[in-house]
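To start, the structure itself, in structure tokens.
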Amino acid sequence: MKYLKKIGNFLMSLVAPQVCMQCGADDELVCCDCIEKITIDSLSSAQKILAVNEYIDQVWIACDYDAKIVHDLVFSAKFYGSRNACRVLGEIMFRFWQVSDIHTFYQGNQFSFVPIPLHRVRRYQRGFNQSELIAKVLSEQVNMPISDCLQRVRNTKQQVKLDAHNRKVNVSKCFMAKSNTAPKNCLIIDDVVTTGATINDAARALKQAGAECVNALIVAKH
Ligand SMILES: [Zn+2]
Numbered sequence: 003m004k005y006l007k008k009i010g011n012f013l014m015s016l017v018a019p020q021v022c023m024q025c026g027a028d029d030e031l032v033c034c035d036c037i038e039k040i041t042i043d044s045l046s047s048a049q050k051i052l053a054v055n056e057y058i059d060q061v062w063i064a065c066d067y068d069a070k071i072v073h074d075l076v077f078s079a080k081f082y083g084s085r086n087a088c089r090v091l092g093e094i095m096f097r098f099w100q101v102s103d104i105h106t107f108y109q110g111n112q113f114s115f116v117p118i119p120l121h122r123v124r125r126y127q128r129g130f131n132q133s134e135l136i137a138k139v140l141s142e143q144v145n146m147p148i149s150d151c152l153q154r155v156r157n158t159k160q161q162v163k164l165d166a167h168n169r170k171v172n173v174s175k176c177f178m179a180k181s182n183t184a185p186k187n188c189l190i191i192d193d194v195v196t197t198g199a200t201i202n203d204a205a206r207a208l209k210q211a212g213a214e215c216v217n218a219l220i221v222a223k224h
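Each residue of the sequence shown is one higher than the last, beginning at 3 in this note's numbering.
Right under this line is the structure:
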């Protein structure tokens with residue numbers, strides 16, 4: 003019964019964005035209380051990503067994808083085209099920013115957010131890029147610019163359906179910088195990583211275009 007109620011809240015939140023999809027409170031898509039309760043991820047998933055991806059210097063994973071609320075938000079953003087879900091994911095990222103060491107790492111440092119771009123065909127189908135909307139929330143909160151220097155030159159298959167080796171092949175050389183002047187200090191933003199092959203290829207393209215330090219901040223690891 004409790005499960006049915008949760009599904010009900012989730013469906014309600016899609017049509018009536020003023021209802022919290024987690025607890026049903028008459029508030030936002032996800033109310034402040036429920037955002038506070040989302041578990042911040044441990045360092046171990048970040049270490050796993052770093053171990054196999056040579057171009058990424060540092061990575062932070064904000065929360066656990068197994069948390070149903072995180073899964074539902076990513077799902078709403080990707081498959082229901084919910085911009086509201088992206089905004090909440092951005093707020094979750096900002097909460098992580100405040101409570102984790104990323105805050106001290108970037109204090110006083112000049113850097114640019116680099117959202118992982120979608121291929122133009124997929125962007126057209128979805129109507130927006132979820133990573134860009136997440137980056138926008140962060141950029142406004144911490145007052146740092148967003149760079150659109152990166153482009154996706156190949157429309158790749160969905161990573162979820164592939165094994166680790168084919169993931170790497172699938173995304174190899176799928177990003178390119180628009181010019182040879184990538185920001186010196188980049189912080190890649192993406193919603194979900196699995197092996198990290200996608201953000202690694204983005205980091206490769208940024209470094210080939212002159213970036214010196216490329217880190218990544220991700221909502222969750224699958
Ligand atoms: Zn709530």
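Positions of the beta carbon are idealized from the N, C-alpha and C atoms, including for glycine.
Sub-7 Å separation of residue i and residue j beta-carbons
i, j, result
"Ile136", "Gly198", "no"
"Ile220", "Ile63", "yes"
"Val116", "Ile58", "no"
"Asn157", "Val123", "yes"
"Gln24", "Cys36", "yes"
"Ala211", "Ala179", "yes"
"Asn226", "Asn55", "Because the chain in this structure spans residues 3 to 224, residue 226 falls outside the shown range and cannot be described."
"Ala218", "Val61", "yes"
Status (buried if at least 16 other CB within 10 Å, exposed otherwise) for residue i
i, result
"Lys223", "buried"
"Gln1", "Any question about residue 1 goes unanswered here, given that the chain covers just 3 to 224."
"Leu75", "buried"
"Asn86", "buried"
"Thr200", "buried"
"Tyr82", "exposed"
"Glu30", "buried"
"Tyr67", "buried"
"Lys170", "buried"
"Val72", "buried"
Whole-number beta carbon distance between residue j and residue i, since they are thought to touch under 8 Å
i, j, result
"Leu164", "Ala184", "No, Leu164 and Ala184 are not in contact; Cβ-Cβ is about 27 Å, not under 8 Å."
"Ser102", "Ile42", "7 Å"
CB contact below 7 Å: residue i versus chain B
i, result
"Ile51", "Absence of chain B from the displayed structure is noted, only one protein chain being present."
Heavy atom of ligand 2 within 6 Å of residue i beta-carbon
i, result
"Ile51", "Looking at this structure, you won't find ligand 2 anywhere; what it does contain is ligand 1."
Pairing CB atoms from the segment 169–178 with CB atoms from the segment 136–144, are three or more of them under 8 Å? no
Please output, in chain order, the residues near ligand 1 using a CB cut-off of less than 5 Å to any non-hydrogen atom of the ligand. Cys22, Gln24, Cys25, Ala27, Cys33 and Cys36
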